[in-house]
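K.L.:
Top to bottom, those sequences are chains A and B.
Residue numbers for the first sequence follow this note's numbering, beginning at 478 and rising by one.
Residue numbers for the second sequence follow this note's numbering, beginning at 839 and rising by one.
Built from N, CA and C at the ideal position, the CB exists for glycine as well.
Mind looking over this structure? Questions follow.
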Amino acid sequence: MSRELDVREGQSPAVRGDRSPLSCPLDRRSFLQCALASGAALGACEFAQLLAPISAWAGPQKQDDSRFTVEAKFYQKLPNNKKIKCKLCPRECTVGDRERGYCGVRENRGGTYYTLVHSRVCAAHIDPIEKKPLFHYLPGTLAFSLATAGCNVNCKFCQNWDISQVRPEQVPADYAPPKLVAELAKQHDCPTIAYTYSEPVVFSEYLMDAANAGHEAGIRSVVVSNGYMQEEALKTAYGKMDAVKIDLKAFSESYYKDVVVAELKPVLDSLVTLRKMNKWTEIVYLVVPTLNDGDAEFRGLARWIKTNLGVDVPIHFTQFHPEYLLKNLPITPVPTLERAKAIADAEGLHYVYIGNVPGHPAQNTYCPKCRRMLVERVGFTASRMLIRKGSCPFCGQPIPGAWHA
Amino acid sequence: MSAMRSTNRRDFLKKCLTGAAVLGANGRMGLLAAAEQQEAALAKSRVVIARDAMLRGAGTTVDSRRMLSLLDRATQALFDRDNPTETWNKLVRPGETVGLKVNALGGRGLSSNLQLVEAICERLQEAGIKASDIVVWDRDSDEMEHTGFHVSTGGNRVQCFGTDRVDYEQELATHRSVGSRLSKILTQRCNVLINVPVLKDHDSAGVTIALKNMYGVIHNPNKYHPNGCNPYIADLNMLPEIRTKMRLTICDATTACFEGGPGYKPEYSWKNNALMVSQDPVALDYTGWQIIERKRAEKGLNTLEGEKRAPHYIATAADAQHRLGTNDPRRIAVVEV
């Protein structure tokens, strides 16, 4: 589940059910932010007109399921009673006829498993890519960001539960086939399409098709995911991605079991697989007071990253805000985030960031060799970018990432 | 809601004295033992099973007249009443709004029987409930229409529609493992709930009868299928909106399913021609589970325990944290009529 909407102004009004997500995807504040970030003179009216063909949501109404329903790619038919076994995520739901998997967006119909969310977009925005957050991937650019309903876990702290923890028919959605997404991204000078907000694992088929359409139009794809996915599905679906951000929720199995309703090990396996695939990967760790904020956990995490992924993988320690089923805990104190960063720094990780704390100096990128600031960030915008040809202009240290489109 | 019958002090003493007279010289200990037995007997949850072998006559469709008669037999036996008017007057009062939560998941083959629902509506109206104050509902109107219900949302008729027409509450209702948005039909359209489930096998829960039918009340049932739906089903039924409104379960066991549920598979269904009624959903579920196990044995199938999908949620619903009813067969009085 994405953490990028922790700062609420970016949240889609459509998610709240009052208007179409694609007919007017940006509120004024977000629009101004994006426009400023990109320097693009993008008028709100132009935007609404461009997306006008998408129907407006007017309360509970029937959606035409058939246009969103496509046979799923990752499942196995079982011999008895028209059951199937889903092979998309490690949960491996065995699903009887007319039942859905845990994600709520895949349904067994007579022994064939279908995704119900292909091209069924319930949230769409144009965001700075820093909001994902991806700090080492095309900084200062915009990402055409979209989501469908559904998620394969159930984090008690989810900020976007009103789209991630619902069935597709329960949330306003519009038909956005892959080519339309690619066209819109291109028209709005977004070099990337970002699959985000809910959990892209559950709309893998759509993500793959949209990535193909994007690549044909010269648009890259990035995904914001929990990484709770089977290896074959990961290789096939995220193999089409150009960059990946993984939400590593904690570094303990008990937290994954109790708070996330999933398992840690498959997520770690996914990170290793992405590393082997040479996918640019960044990690977010949402620090929840009392639940995953111990020194030993931070240290164990940093050591695991160093050993298995290398010291150059960026990690973002981000601030928790009470939401959904976890309203009894306070906002993460900034000193806790700073402690996490200090531990990860001490273990030798090169790019340790603090997230959701506007104005904090740990939002910037520093050269691991000469310690000079290389990228300055204000809010979600990269206000200064000094990296030249992938290196520090002061000492020549290579800085990993994709810095220019 | 538990149907455990209570006894007042006067009745209790009267029965104790009667016991003492019969026991005579057995002394004080004997008296207490008798009283405890008497108490235990009184505390039983009653599950009535009414059958009619001729429910379908010579055909395959349930006969409406016989269904009404079967419903009367079942409910009168449950409430110890001699006629349907007294029975339903005991259950509802004029001015109340009544929701009949049916189950339309199994299509025409294995969903809440239309004639049964009509019979219940008829008796409710005779008890003074206005037709427009009765809502027949499940989660989705299309599913209901596919089953044969006619969606109706206005006028002075019985209302019939799915939650898709009115949506779920925005606020979450929570209890332990469950955090869900409740159907506005439950929260805003009815103050009395009558549960009308179907007697079915379920591929992950083991069986789906009364308690699990409440999955149709929430927006996210898919999140509650792991671990055989345990403890989710029990936790869900603890939500005040469900627990305080639930008055009666009338389980449609006219066609039941012993394997391959919850979808309809003719080869695993049988014409049982019965209704099961109770005010204790746990006792009803336990009893229904035993019926399905007997059918499975008759067909040479493994037990649900043997298939690693015994409905453990029934015991959870009865435990000290939930107390939604009893799953102790010694405290369940199964009455066949």
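Closest Cβ-Cβ distance between Gly578/A and chain B: below 8 Å?
P.N.:
Locating residue 578/A in the first sequence gives position 101, counting from the first residue. So, interface residue.
K.L.:
Scan the stretch 644–663 of chain A for residues whose Cβ lies nearer than 8 Å to a Cβ of chain B and list them as they occur along the chain.
P.N.:
Arg644, Glu646 and Gln647
K.L.:
Quick check on DSSP: helix, strand or coil for Gly1138/B?
P.N.:
The sequence position of residue 1138/B within the second sequence is 300, counting from 1. It is coil, neither helix nor strand.
K.L.:
In terms of residues, what are the limits of the beta strand (DSSP E) holding Lys939/B?
P.N.:
In the second sequence, counting from the first residue as 1, residue 939/B sits at position 101. Where Lys939/B is concerned, the enclosing beta strand (DSSP E) stretches over Val936 to Val940.
K.L.:
Among residues of its own chain, excluding the 5 on either side of Arg1181/B, which ones have a beta-carbon nearer than 8 Å to its beta-carbon?
P.N.:
Only positions 839 to 1175 of chain B appear in the structure, and residue 1181/B is not among them; the question remains open.
K.L.:
Can you check which of these residues, Cys563/A, Lys554/A, Cys566/A and Glu584/A, is closest to Ser543/A by C-alpha distance?
P.N.:
Looking up residue 543/A in the first sequence gives position 66. Of Cys563/A, Lys554/A, Cys566/A and Glu584/A, the residue nearest in Cα terms is Glu584/A.
K.L.:
At the level of alpha carbons, what is the spacing between Leu952/B and Pro932/B?
P.N.:
Position 114 of the second sequence, counted from the start, is the residue given in the question as residue 952/B. Position 94 of the second sequence, counted from the start, is the residue given in the question as residue 932/B. Using only the alpha carbons, I get a separation of about 24 Å.
K.L.:
Helix or strand or just coil, what does DSSP make of Lys562/A?
P.N.:
If you number the first sequence from 1, residue 562/A lands on position 85. Reduced to three states, the DSSP call for Lys562/A is strand.
K.L.:
Could you work out which residue in Ala1072/B, Gln963/B, Leu1162/B and Thr1001/B is closest to Val1055/B when comparing CA atoms only?
P.N.:
Reading the second sequence from its first residue, position 217 is the one you call residue 1055/B. For Val1055/B, the nearest C-alpha among the options comes from Thr1001/B.
K.L.:
Can you give me the C-alpha to C-alpha distance between Val1173/B and Ala714/A, rounded to a whole angstrom?
P.N.:
Sequence index remark: in the second sequence, residue 1173/B carries index 335 (1-based). Sequence index remark: in the first sequence, residue 714/A carries index 237 (1-based). Spanning the two alpha carbons is a distance of roughly 57 Å.
K.L.:
Out of Val1175/B, Asn1065/B, Leu1074/B and Ala881/B, state which residue places its alpha-carbon closest to the alpha-carbon of Asn1051/B.
P.N.:
Mapped onto the second sequence, residue 1051/B falls at position 213. Of the listed residues, the one whose Cα sits closest to Asn1051/B is Leu1074/B.
K.L.:
Just to confirm the assignment, what range does the beta strand (DSSP E) spanning Arg1019/B have?
P.N.:
As a working mapping, residue 1019/B is identified with position 181 in the second sequence. Per DSSP, Arg1019/B belongs to the beta strand (DSSP E) from Val1016 to Ser1021.
K.L.:
Does the stretch 1151–1168 of chain B come into contact with the stretch 884–891 of chain B, if we say contact requires no fewer than three beta-carbon pairs (one atom in each stretch) closer than 8 Å?
P.N.:
no
K.L.:
To test your reading of the DSSP string, which unbroken alpha helix (DSSP H) runs of 4 or more residues are found completely within the stretch 1076–1103 of chain B?
P.N.:
1078–1081
K.L.:
What's the C-alpha gap between Ile972/B and Gly895/B?
P.N.:
Counting from 1 along the second sequence, the entry for residue 972/B is found at position 134. Counting from 1 along the second sequence, the entry for residue 895/B is found at position 57. The alpha-carbon separation between Ile972/B and Gly895/B amounts to approximately 29 Å.
K.L.:
Please report the straight-line C-alpha distance between Val761/A and Met1076/B, rounded to a whole angstrom.
P.N.:
Working through the first sequence from its first residue, we reach residue 761/A at position 284. Working through the second sequence from its first residue, we reach residue 1076/B at position 238. Spanning the two alpha carbons is a distance of roughly 36 Å.
K.L.:
Would you kindly report the start and end of the unbroken alpha helix (DSSP H) that includes Asn689/A?
P.N.:
By one-based count along the first sequence, residue 689/A stands at place 212. From DSSP, the alpha helix (DSSP H) with Asn689/A extends over Ser681 to Glu693.
K.L.:
Taking 8 Å as the CB-CB limit, is Lys564/A close to chain B?
P.N.:
Residue 564/A sits at position 87 when you count from the first residue of the first sequence. No, Lys564/A does not count as interfacial toward chain B.
K.L.:
Can you round the beta-carbon distance between Thr991/B and Glu1007/B to whole angstroms, since I take them to be within the 8 Å contact cut?
P.N.:
Stepping through the second sequence from its first residue, residue 991/B is reached at position 153. Stepping through the second sequence from its first residue, residue 1007/B is reached at position 169. Not really, about 19 Å apart at Cβ, beyond 8 Å.
K.L.:
Does any C-beta atom of chain A lie closer than 8 Å to the C-beta of Leu943/B?
P.N.:
Reading the second sequence from its first residue, position 105 is the one you call residue 943/B. With 8 Å as the cut-off, Leu943/B counts as an interface residue toward chain A.
K.L.:
Just the C-alpha distance for Ile958/B and Leu909/B, rounded to the nearest angstrom, thanks.
P.N.:
Position 120 of the second sequence holds residue 958/B. Position 71 of the second sequence holds residue 909/B. Approximately 8 Å between the Cα atoms of the pair.
K.L.:
Can you grab the Cα-Cα spacing for the pair Gln636/A / Leu1113/B, in whole Å?
P.N.:
Along the first sequence, read from residue 1 onward, the residue named residue 636/A stands at position 159. Along the second sequence, read from residue 1 onward, the residue named residue 1113/B stands at position 275. Gln636/A and Leu1113/B have their alpha carbons spaced roughly 45 Å apart.
K.L.:
Apart from the five residues on each side of it in sequence, which residues of its chain come closer than 6 Å, Cβ to Cβ, to Leu863/A?
P.N.:
Working through the first sequence from its first residue, we reach residue 863/A at position 386. Within the same chain, Leu863/A has close Cβ partners Leu851 and Pro870.
K.L.:
Determine which residues of the stretch 777–805 of chain A have a Cβ less than 8 Å from any Cβ of chain B, and write them out in chain order.
P.N.:
Tyr801 and Leu802
K.L.:
Within the 8 Å Cβ cut-off, does Lys939/B reach chain A?
P.N.:
Numbered from its first residue, the second sequence carries residue 939/B at position 101. By this cut-off, Lys939/B is not an interface position.
K.L.:
Does the beta carbon of Asp435/A come closer than 8 Å to any beta carbon on chain B?
P.N.:
Coverage of chain A is limited to positions 478 through 882, which leaves residue 435/A absent and any answer about it impossible.
K.L.:
Would the C-beta of Met905/B count as close to the ligand FMN, meaning under 7 Å from any of its heavy atoms?
P.N.:
No copy of the ligand FMN occurs in the structure displayed, which carries no ligand at all.
K.L.:
Could you pull out every unbroken alpha helix (DSSP H) segment of at least 4 residues lying fully inside the stretch 762–801 of chain A, listed in chain order?
P.N.:
772–785
K.L.:
With distance defined between alpha-carbon atoms, name the residue in Val955/B, Glu1009/B and Thr899/B nearest to Gly937/B.
P.N.:
Sequence index remark: in the second sequence, residue 937/B carries index 99 (1-based). Of Val955/B, Glu1009/B and Thr899/B, the residue nearest in Cα terms is Val955/B.
K.L.:
Near Asp604/A, what residues of its chain come up, given a Cβ to Cβ distance below 6 Å and the 5 sequence neighbours on each side ignored?
P.N.:
What you label residue 604/A is simply residue 127 of the first sequence in a count that begins at 1. Scanning its chain for C-beta atoms nearer than 6 Å, with the 5 sequence neighbours on each side dropped, one finds around Asp604/A the residues Ala620 and Ser622, in chain order.
K.L.:
Taking only three categories from DSSP, how would you classify Lys804/A?
P.N.:
The count along the first sequence starts at 1 and reaches residue 804/A at position 327. Lys804/A falls in the coil class under three-state DSSP.
K.L.:
State buried or exposed for Lys939/B, treating a residue as buried only when at least 16 other CB atoms are found within 10 Å of its CB.
P.N.:
For this step, residue 939/B is matched to residue 101 along the second sequence. So Lys939/B ends up on the buried side.
K.L.:
Skipping 5 residues on each side, what residues in its chain have a beta carbon closer than 7 Å to that of Tyr579/A?
P.N.:
Counting from one through the first sequence, the residue named residue 579/A turns up at place 102. Only Arg568, Cys570 and Asn629 meet the Cβ criterion.
K.L.:
Among the residues of its own chain, which have a CB less than 7 Å from the CB of Ala823/A, if the five just before and after it don't count?
P.N.:
Working through the first sequence from its first residue, we reach residue 823/A at position 346. Here the set comprises nothing.
K.L.:
Go ahead and label Glu548/A buried or exposed: buried means 16 or more other beta carbons lie within 10 angstroms of its beta carbon, across all protein chains shown.
P.N.:
Translated into positions along the first sequence, residue 548/A becomes position 71. The residue in question, Glu548/A, is exposed, as its Cβ has fewer than 16 Cβ neighbours within 10 Å.
K.L.:
Taking the beta carbon of Arg1014/B as the centre, do at least 16 other beta carbons fall within 10 Å, making it buried, or is it exposed?
P.N.:
Here residue 1014/B corresponds to residue number 176 of the second sequence, with the count starting at 1. It is exposed - the Cβ of Arg1014/B has fewer than 16 other Cβ atoms within 10 Å.
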